[in-house]
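Notes follow the structure.
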Amino acid sequence: MRPGKGSSKTKISFWDAKKMLEKLGVQFDHARTVTKSTQDTLLVVRLYFFTAHAFNNAYSVVSGQPNNTVFAQGNAVEIQIATVVNDNATVSSSLAVTAPPDFDQHMKGCRIDTIVVKGLPAKWFDVDTKSFLDDDDHPPPSIQSAYMHDQHALFQLFSTFGALSAIDVVPPSATTSTTTGADDGTTASSTVSTSHFDAYVQFKTYDGVRAALSTLCDGGSRVLCHTSHVKTFVPLVAHVDTTEYLSDAHIRQRRFAREQRLHDQKAKAAAAIAAERQAKASMEQATALVGSLGDELDKAAADAIQLSSSLAELKAAAAAYAALKAAPTMERVAIVRQALDVVGTCLAKAVRDKEEHEAAIQRAAWTKQVNKAAAAARDLKLARLQKKLSAAKHSFASIVGHVAVVADMAAADEALAVAVQSATTVLNNAEDVQTYLAKLDEDVDEAVHSVDAVVARLEVVDRFYQVERAVKSWSIAPFHVQSLLQTIENEAWGDRTEDVAKRLDDLDEVVQAGGHLDKLVARHVALDEQIGNATPRHEDGENDLRQRHTDLGLLLHRVTDVRDVAGLQTQMDALEAQVSAFLADRYGDTSALKKPRLLQYVAASSGIPRLASSVWIVDNDTGAVRPPKTHDERLQQDMEALRVQVVESQRRELAKERQLRALVLQSMKQPKPAMNDDATS
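1 is the number of the first residue of the sequence shown in UniProt numbering; add one for each residue after it.
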């Protein structure tokens, strides 16, 4: 079968072929593929029929298709059929009906008494094919073969044709093409050596040979099947043995060949044992030398490292030693010894070269030392110092010309100039190298000290003016801070930087207390407005709150000891808490309106309290008695009082601003410290 013209398929599968044949009404007992190439579009299927009727019907149906074409699922398929002719079909007919006259005159195996049946499944006949893998374990056949007994399947099969003389099984020949008979059509050529065998069957009479061949090869279409493997069919291929395989001469020849092979194998085994013993002795000797050779190699490697030499010969010796250590032999010991000798020669040459090189280095050592020291001083230390000094001048540009810094700045510039001049590479004699290097180190150290000193001086001066600016921003100047700063400005610039820094450290506590006090003054001013917005229930409470506020303000402006600031902080917190309480207790507050009225008790003349039935208010100015005000009247009175308080608060705020403005103008009119550029330390 193959795809026809106009077909969309490129090839026909085995399953499509089976379905197509079943649709045509072709009934067969077994089918397998014969096509071996998967690239070929042609599909060849071999059909087996157990009855002539089924065979004739299939042949007539397939051959009668118009134009040898059938259609499957709309695709045209070309189909042709032919009868398979077996070459073994004439084997039985070529044999004479009666035995040749000289049949009994020939020896067994040299006459027509043996047949060969090829490709029999080993599993079906309980044949052990393991011996096929090792020909030495396959003894020559004998009449007492394991297959010559009534219980074996081979004996039971072939004894039905006549009396047997011998049965022998051999691996299948290379020319035998045996198939498994499965529907997929795969061949068993890859596993035939262990799953199939060829059988040599020797009969005692000529009639047994003829009966076996006529039964097994009648018509050339005989197949062998098994009741437990219904899908497997083995085509029977049998013919008369013409090689005299079971003759006595060939049996003796095979036995001699086997004995010769066994002898050769024993000789090879003995030689292998001797070689193994020799290799073992060589390995023991080589193992004993591995340690000393390893020590010698390590010493050579240490010498090479000391010489700073990377020798290719040393790597080769190490590789040879690694191979020796992995598999010790005397041959490899000799290779390692030769490699170590080469390494020793190379190391001796390297030692001489190193001595000459060291002599040349020693002759030029002073030049390199001077150049290296000068370059390091110029490119590393002095460059960093110049960069550091430039950064300091840029950061403190406003105070670079200050009287306290001028002298230190000049000293730093001079020290850098001296160090740069000393770092210039000059030619010197070898005796002056150490003197030159000592002077260079001294000049560089002096430059480092001078630059560090001027940077520290600039930081101290900048710190002083930062403190001064912070003090000027205060609304008050407590603890005589201005006088202390003026003292430092007038007297301390001639002192050492450490002494000036110590004075500023001592002043830090006073400055921190003054800053804290300035914050308290700001909070005191803020409380003035809050007190104006507060409306206590009693006028005495308001007067008391105002008095406490005034007293605290006097204390803030009269404090002289930094330790009193903590107490003022506590008083300020208490005053703020009381003002907050008054702000929450105003008339008309939601929480106050929701409070229930308390019953008022009036003491009678008898001293027994009684519940007042009504409340009347006596005017203090006129003495008139009037009823209490209504809610609307009280609310109107509260709004009027609140308006008056807001106006008074605004007036006090304006007065405070005028006071602060006057203080600022007064501080600006104070004379600044004179900057004498000609002053010296």
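By construction, the Cβ of each residue, glycine as well, lies at the ideal position given by its N, Cα and C atoms.
Would you please state the rounded distance, in angstroms, between the beta carbons of G162 and F203? I believe it to be under 8 Å. 5 Å
From S450 to H394, what does the alpha carbon distance come to, in whole angstroms? 17 Å
Curious, which full-length alpha helix (DSSP H) runs of at least 4 residues does the stretch 302-367 contain? 312-326 and 330-363
So what does DSSP say about R119, is it helix, strand or coil? According to the sequence as given, residue 119 is Gly; it is not Arg. Strand, per DSSP.
Is it buried or exposed for Q578, if we count other Cβ within 10 angstroms and need 16 for buried? buried
With DSSP collapsed to three states, give me the class of Y147. coil
Under DSSP, the alpha helix (DSSP H) around H53 begins and ends at which residues? A52 to S63
The stretch 297-313 touching the stretch 333-346, judged by at least three CB pairs closer than 8 Å: yes
Nearest-angstrom Cα separation, counted from L642 out to Y587: The predicted position of Y587 is uncertain, since its pLDDT is 42 and thus under 50; no value can be drawn from it.
Rounded C-beta distance between A54 and V45? I'm assuming under 8 Å. Going by Cβ atoms, the distance from A54 to V45 rounds to 15 Å, so no, they are not a contact pair.
Between the alpha carbons of A199 and I112, how many angstroms are there, rounded? 16 Å
Are the CB atoms of A17 and L43 nearer to each other than 7 Å? yes
Looking only at its chain, what residues have a beta carbon closer than 6 Å to the beta carbon of D408, apart from the 5 residues adjacent to it on each side? A453, V454 and R457
C-alpha distance - L307 paired with R332, whole-angstrom precision: 28 Å
Bridge partners of R548, per DSSP? Paired residues: none, contrary to the question.
From Q486 to G494, what does the alpha carbon distance come to, in whole angstroms? 14 Å
Which same chain residues, not among the five before or five after L416, have their C-beta less than 8 Å away from its C-beta? L382, L385, Q386, L389, A447, S450 and V451
Is the beta carbon of V565 sitting closer than 7 Å to the one on H524? no
Rounded to whole angstroms, how far is the Cβ of R507 from the Cβ of L556, which I believe are closer than 8 Å? Before going further, note that residue 507 is Leu rather than Arg in the sequence given. Actually they do not touch by this definition, with Cβ atoms about 21 Å apart.
Excluding five sequence neighbours on each side, which residues of the same chain lie with their C-beta closer than 6 Å to the C-beta of K266? none
The stretch 237-252 / the stretch 101-111 touching (three or more Cβ pairs under 8 Å): yes
Under 7 Å between the Cβ atoms of A513 and V562? yes
Going by DSSP, what residue range makes up the beta strand (DSSP E) through V201? H196 to F203
DSSP three-state label for D137, please. In this predicted model, D137 has a pLDDT of only 48, less than 50, meaning its place in the structure is not dependable; the value taken from the coordinates is given anyway. In this structure, D137 counts as helix in the three-state DSSP scheme.
C-beta contact flag for M330 and Q285 at 7 Å: yes
With distances taken between CB atoms, is the gap from F49 to F28 smaller than 7 Å? yes
First through last residue of the beta strand (DSSP E) which encompasses E22: Run containing E22: none in the beta strand (DSSP E); it sits in the alpha helix (DSSP H), F14 to L24.
Look at I115 and A212 and say whether their C-beta atoms are less than 7 Å apart. yes
So what's R222 in DSSP terms, helix, strand or just coil? coil
Identify whether I81 lies in helix, strand or coil by the three-state DSSP scheme. coil
Going by DSSP in three states, V127 sits in which element: helix, strand or coil? coil
Using 8 Å for Cβ pairs, my map puts residue 729 next to L164. What's the rounded Cβ distance? Outside the displayed span of the chain (1 to 681) sits residue 729, for which this structure offers no information.
Along the chain, where does the beta strand (DSSP E) containing T33 start, and where does it finish? H30 to T33
7 Å Cβ shell around I335 - same chain, five flanking residues per side excluded: A320
Taking buried to mean at least 16 other C-beta atoms within 10 Å of its own C-beta, is A275 buried or exposed? exposed
Residue(s) in a DSSP beta bridge with T114: Q202
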